[in-house]
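FYI, the numbering for the sequence shown is 177 to 529, going by this note's numbering.
For glycine and all other residues, C-beta sits at the position ideal for the given N, C-alpha and C.
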Amino acid sequence: MSSEKYYVKIPSIMGETARQILLEKGLLNPSYRIISEGSHLYLPLVNKSTEIEVRSLLSIEDVEFGTREFAPISEGPNTLSDALSDRLTKEQLGLLPRSYDLVGDIAVLEIPDELSAFSETIGNAFLKVHPSFSTVLGKKGAVSGTIRVRDYSLLAGEDKTDTIHIEYGCKIRVDLAKAYFSPRLLEEHNQVSNQVVDDETVLDMFTGVGPFALHIAKKHAARVLAVDINSEAISLLKESLKINKLVGEVIPTISDAREYIRERLPDKVDRIIMNHPSKAKEYLPDACQAIKSGGILHYYEFMSSENPEDELKKQITEMIEAAGRKIKAISRVRRVRDSAPYEYQMVCDVSVR
Ligand SMILES: C[S@@+](CC[C@H](N)C(=O)[O-])C[C@H]1O[C@@H](n2cnc3c(N)ncnc32)[C@H](O)[C@@H]1O
């Protein structure tokens, strides 16, 4: 039976990205069908969604809120908690993960230690609530090592770690076991790519499976030199290049970023992306050699100080001066995501003289 639900109305072109973001945050009501009318979609929301939260997550101007009738997808449970209400105690239900990482048709859950005995039960319940997913993985440990991957255990569904993830219409080939990818960087990929202009040469020093490079080349007739030390990441990027319509050019290269700058970079570049927050500092002197006067560095760092914005501006100014360059302007400093309790992944956009 159809039922009246609170909705957010968005342009259809934003549909997949908005659906993914709201689902990850537990705000999309998965039990009702999304309605498509003209060039817009109506996404049914769960009751607790607030307009402010949804607006800030989607960061689109063209959104409207209201209520209307939605048709149910199935009569199954609406939430993980509903699906497990006869298997877990009230206290255990309170420990269930509230948000997930959704990568293509793979859901990644972080099961708290207290619920580890129920991991597979939780995975199967997830598939009952969200039948469009193929696989549910559990995080095992933290992202670590040079290539920044973590281990996963299969909780339910098909035993696989590879998929195609879609961000703002960009198709990204991902294999979570072989190369780094985080759907939480979606907005950052979008913001950086929006700053690029046609004919720029961009060096993406730690490209991974190439999300920044793909976003840029999808929108701009720019040239992206996409470098990563992990050969698997570069193979995945090469596959993505075959399945996207790009207006720009991406040149994928397996290399250590320092060696690439010192030995293979043909000319100084207009823009450098340094998204390797635990190590970017060590590569900043080389990036300072590779950037044109007036060029922009997108510098990433983990920070846990009380005022990470001011701290990052101070650090980057000192480091760039120590590398023999001067800062023209710092145009953007932002908290990209929470990386640990009381720690943020930060970004700073710096134009260099
Ligand atoms: C945090 S990931 C970022 C990936 C990508 N920029 C993204 O947004 O998904 C850091 C990447 O740096 C790569 N990496 C680590 N050390 C490197 C080095 N010395 N030179 C080039 N790439 C390196 C890793 O393989 C990994 O893919």
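Excluding the 5 residues flanking it on each side, K185 has same chain C-beta neighbours closer than 6 Å at H216, Y218, E240, in chain order. Apart from sequence neighbours up to five positions away, the residues of its chain that approach D238 with a beta-carbon distance below 6 Å are P187, ordered along the chain. DSSP places F241 within a strand segment (E or B) once states are collapsed to three. Around the CB of R324, 16 or more other CB atoms lie within 10 Å, so the residue is classed as buried. In the DSSP assignment, F357 falls outside any beta strand (DSSP E) and carries neither an H nor an E. If only complete runs of 3 or more residues are kept, the segment 456-520 shows the beta strand (DSSP E) at 467-479, 503-516, in order along the chain.
According to the DSSP secondary-structure assignment, G314 is paired through a beta bridge with L285, S329. Nearest neighbour of P253 by Cα position, chosen from V528, D525, R274, P307, turns out to be P307.
In the three-state reduction of the DSSP assignment, I189 falls in the helix class. At a cut-off of 7 Å, the beta-carbon of T322 counts as near ligand 1: some heavy atom of the ligand is closer than that. Only residues of its own chain outside the window of five on either side were considered, and among them C346, K347, L390, K394 have a CB closer than 7 Å to the CB of N420, listed in chain order. In this structure, T193 has its beta carbon at no less than 7 Å from each heavy atom of ligand 1.
For H391, the secondary structure class from DSSP, reduced to helix, strand or coil, is helix. Judged by DSSP in its simplified three-state form, A402 adopts strand. In this structure, DSSP gives F382 a state outside helix and strand, which the three-state scheme calls coil. Judged by DSSP in its simplified three-state form, H341 adopts strand. Remark: the shortest separation between the CB of Y520 and any heavy atom of ligand 1 does not fall under 7 Å. Annotated as proximal: H396 and V372, with beta-carbon spacing under 8 Å. Judged by beta-carbon spacing, I249 lies beyond the 8 Å limit of L272, meaning their Cβ atoms are not closer than that value.
Contact between A456 and E477 holds: their C-beta atoms lie close to 6 Å from each other, under 8 Å. Not a single heavy atom of ligand 1 lies less than 7 Å from the C-beta of H216. Looking at the DSSP output, E213 bridges to H216. Per DSSP, the unbroken alpha helix (DSSP H) holding V230 starts and ends at 227-234. With a threshold of 7 Å, the Cβ atom of K455 counts as near ligand 1, since some heavy atom of the ligand is closer than that. Boundaries of the beta strand (DSSP E) around I427: 425-430. A distance criterion of 7 Å places the beta-carbon of A466 beyond contact range of ligand 1, judged by its closest non-hydrogen atom. Cβ contact annotation for I211 (same chain, cutoff 6 Å, sequence separation greater than five): Y218, in chain order. When the beta-carbon positions are compared, L313 and L291 stay at least 8 Å from each other. Residues of the same chain with a CB within less than 6 Å of the CB of A409, apart from the 5 flanking positions on each side, are A355, G384, V385 in chain order. Using a Cβ-Cβ distance cut-off of 8 Å, the segment 356-367 and the segment 424-433 are not in contact, since fewer than three pairs of beta carbons, one from each stretch, lie closer than that value. With respect to G280, I340 sits close: the two C-beta atoms are nearer than 8 Å.
Separation of T226 and G191 (C-alpha to C-alpha, rounded to the nearest whole angstrom) is 19 Å. Per DSSP, the beta bridge partners of D277 are V284.
For the pair of segments examined, the segment 410-418 was found not to touch the segment 444-454: the number of CB pairs separated by less than 8 Å stays below three. Collapsing the DSSP output to three states places I348 in a strand.
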